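In my numbering, the protein residues as written are -8 to 299.
For reference, the structure is listed below as structure tokens.
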Amino acid sequence: MTTATTLSLASAAHPLSPPSLPATDQDFEILPLDAPLGAQIVGLDLSRPLSAAAFARIHRAHLDYHVLVFREQRITPAQQIAFSRRFGPLQIHVLHQFQLAGHPEILIVSNVLENGKPIGLGDAGHFWHSDLSYKEKPSLGSLLHAQELPEQGGDTLFANMHAAWETLPAELKRAVEGRQAEHTYLARYAELQQRSPWRPNLTPEQIAQVKPVLQPVVRTHPETGRKALFVSEHFTTRIVGLPEDESRALLDALFAHSVKPEHIYRHRWQAHDLVFWDNRSLLHLAAGCPSHMRRVMYRTTIEGDIPA
Ligand code: SIN
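Pasting the structure below:
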């Protein structure tokens, strides 16, 4: 059976699509991680339909802990998409070269080369960032499902940007509150292109999709009302209204503060993990793995609102 056939059969039998299987309550636990953020969801099977009550618990936990780790999820791409869609519309990544065949909502994140060609985006997460902060409507959250994991490395790190804001020295708070910063997809594209085989030349259509945008340096989470720093070393290029050297120095100070060890959870992947994080509350970074080891992940990205 070809991959395409497998996927289309999986879609047809999608267990999250009523009425074929009614939603039943599942008995699952939400266990906070021993870290500045994150919780593990144990005993929930996302290949089965999720009741409204179960969904409400997951939604609340996502807001409270910012990263949810669902263990042992043997779900299909269609099931990942359906679960992701319950939180909002999905965003299609500008690098359409790395969409999963038949599922444009899934970006393949992978270091694997087949016949010398990348099957996915191998350096996604090389710099700290919040997904799609370069769009007018950045991402609410992303879900990454482990398909193949390396024996060594491959961790993902998450930094709590609420904590970063709350612990920011008062003079830095005063310097940035009320300011806007520019975010650009292309900020470090040429640099990444030089060091890896994963960055294709962009077409004029792709470049037109990623025009620079302005975002508040400090945003308010639209669901919890908590403030968070919203700048990253990957996509933020300058703070509006400041001379270049002052803007650079301020951004460097904000980046250094944001990713202090006390703000970070380091996720060490286990087989079949699905990790769901809140891009409005966090930055993340892929730690990388030895290049001869295969790492294949499927990412879905949920659209959020315009940051304020
Ligand atoms: C990403 O930045 O979305 C990828 C993170 C990872 O591969 O660990």
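Glycine residues also receive a C-beta, built at the ideal position from the N, C-alpha and C atoms.
All figures in this text were calculated on a predicted structure; none of them were measured in a lab.
In the structure shown, residue 35 falls within a coil segment according to DSSP collapsed to helix, strand and coil. If only complete runs of 4 or more residues are kept, the stretch 55 to 133 shows the alpha helix (DSSP H) at 68 to 76, in order along the chain. With contacts defined as CB atoms closer than 8 Å, residue 137 and residue 260 qualify as a contacting pair. Short note on residue 287: C-beta not closer than 7 Å to any heavy atom of the ligand SIN. In terms of Cβ geometry, residue 59 and residue 32 form a close pair [threshold 8 Å].
Residue 256 is bridged by DSSP to 149. For residue 279, the closest C-alpha among the options 201, 167, 115, 234 is that of 115.
The continuous alpha helix (DSSP H) containing residue 198 extends over residues 195 to 200.
Contact between residue 111 and residue 89 holds: their C-beta atoms lie close to 5 Å from each other, under 8 Å.
Going by beta carbons, residue 122 and residue 213 fall outside the 8 Å limit. Its Cα nearest to that of residue 239, the residue 222 stands out among 71, 222, 283, 55. With contacts defined by Cβ atoms closer than 8 Å, residue 226 and residue 178 form a contacting pair. In its chain, beyond the 5 residues on either side, 209, 218, 219, 220 have a beta carbon closer than 7 Å to the beta carbon of residue 156.
Placement of the Cβ of residue 290 at a distance of less than 7 Å from at least one heavy atom of the ligand SIN is found.
The way I'd put it, the stretch 164 to 177 does touch the stretch 230 to 238; three or more beta-carbon pairs between them come closer than 8 Å.
Within the same chain, 85 come within 7 Å of residue 200 by CB-CB distance, once the 5 residues on both sides are set aside.
With fewer than 16 other Cβ atoms from the protein chains shown falling within 10 Å of its own Cβ, residue 282 counts as exposed. The Cβ neighbour count for residue 202, taken over all protein chains shown within 10 Å, is under 16; the residue is labelled exposed. Boundaries for residue 167: no beta strand (DSSP E) harbours it, while the alpha helix (DSSP H) harbouring it runs 161 to 167, taken from the DSSP string. Here residue 224 has 118, 119, 246 as same chain residues with Cβ atoms under 6 Å from its own Cβ, once five neighbours each way along the sequence are excluded. Secondary structure in the stretch 198 to 236: the beta strand (DSSP E) runs of 3 residues or longer, each lying completely within the stretch, are 204 to 207, 209 to 211, 218 to 220, 227 to 230 in chain order.
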